[in-house]
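Report on the structure given below.
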Amino acid sequence: MLEDIKDSIVLIAELDSAEEVKLESRFLEDIGLDSLMMIDLVVDVEKKFKIKIGEEEVFNLQVVNDLVEKVKSKI
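Heads up: the sequence shown begins at 16 in our numbering, then just goes up one per residue.
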């Protein structure tokens, strides 16, 4: 699951490698995702895992681990 999420982040943030993405990486400050990229990420993750993450829940996602835990709670 973590690798799938990292792959989505790498694709959307146009990073060189998943090694750049850590559980404690902050979406905005460390990875450089803006709000539109964050929406793209959430939509991609929702499709991969066949889940739905609410709009308010998205605003609470600050670090990669937040997204991982959110996905775990939905599957």
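Don't be surprised by glycine CBs; every beta carbon is placed ideally from N, CA and C.
Going by the DSSP bridge assignment, what does residue i pair with across the sheet?
| i | result |
| --- | --- |
| V78 | R41 |
How about residue i and residue j: do their beta carbons lie closer than 8 Å?
| i | j | result |
| --- | --- | --- |
| I20 | V78 | no |
| L38 | N75 | no |
| V36 | I66 | no |
Of the choices the options, whose alpha-carbon is the least far from that of residue i?
| i | options | result |
| --- | --- | --- |
| I90 | L76, V25, F74, V60 | V60 |
| V58 | D31, E29, S40, V73 | V73 |
| D22 | L56, S88, D45, I68 | L56 |
By Cβ distance, which residues of its chain are closer than 7 Å to residue i, with the 5 residues on each side in sequence left out?
| i | result |
| --- | --- |
| S40 | I46, V78, V79 |
| A14 | Nothing in the structure corresponds to residue 14, since the chain is present only between 16 and 90. |
Could you give the residue range of the alpha helix (DSSP H) that holds residue i?
| i | result |
| --- | --- |
| S23 | 17-28 |
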